[in-house]
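Letter by letter, the sequence shown follows residues -22 to -1, 1 to 169 in mature numbering (1 follows the signal peptide of the UniProt record, and there is no 0). Ideal Cβ placement from N, Cα and C applies to all residues, glycine included. A quick note: this is a predicted structure, and the numbers were derived from the prediction, not measured. What follows is a single structure, written as structure tokens, with notes after it.
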Amino acid sequence: MRNCILITASLLCSLIWISVSGLKSQTVEVQSGDEVTLQCSNFSSTYTQIIWFRLNRSEPRCISHMFRSFEPATFCSGFKDGKFNMTSNISTVFLNIKQVDLSDSGLYFCGYYLSRYPLIVDATFLEVQEVNYEMTKLVAVVLVGLVVVMVMIIICLSVKIKWLHKAHIEEQDPQQDEVMFNVSLALPKLV
């Protein structure tokens, strides 16, 4: 019995790999903590079960499935509503994943069962990249340092301009004082 299960599982994996290898797959890269929406063409014009799978290592795992685009999706064991959301319209089946992390990386594919065999329609490799917080902190410190230096330069230049302006006015003031003095001496004679 155990051998039969192992043979069935390996046959299923082989069929999936053969099916997926013939597909045009795409790679989607996201940062950890982001939200991503994977798309699959809505291949079903009849009443059939559309399924999103994720392939981790060597085993395909059902994420969610639906029968009609207007019905809510049902989530498979181990996948919770809230993090994953499967929706559909006339032309596309969507799988939205919120707050992705490294464990969400893998090959995602959608398909349906045809005579008990999974038929894969589209495949997407999701690559989640960890955010390097140390680098982010370093960049923030460098930017804050640059802002502080720029503010200090602006303050120094403002003080220097004010000082030069004051010196220029004081340089002109003795001439104006002399003119005013001469005018004040001349005024009493005129009166």
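Where Asn34 is concerned, the enclosing beta strand (DSSP E) starts and stops at 28 to 34. Counting along the chain, no beta strand (DSSP E) covers Asp82, and no H or E run does either. Between Gly123 and Leu142, the alpha-carbon positions lie close to 29 Å from each other.
In the DSSP annotation of this structure, the continuous segment of the beta strand (DSSP E) that includes Val14 starts and ends at 14 to 19. When Pro96, Val78, Phe62, Phe53 are compared, the shortest CA-CA separation from Gln9 is found for Val78.
For Val106, the enclosing beta strand (DSSP E) has its first and last residue at 95 to 107. The beta carbon of Thr5 sits closer than 7 Å to those of Phe103, Glu105, all from its chain and outside the five residues before and after it, given in chain order. Of the other Cβ atoms in all chains shown, 16 or more fall within 10 Å of the Cβ of Val71; this residue is therefore buried. Spatial neighbours of Asn63 in its own chain (CB-CB distance under 6 Å, excluding positions within 5 residues in sequence) are listed in chain order as Asn74. Of the residues assessed, Gly89 falls on the buried side of the cut-off, its CB having 16 or more other CB atoms within 10 angstroms.
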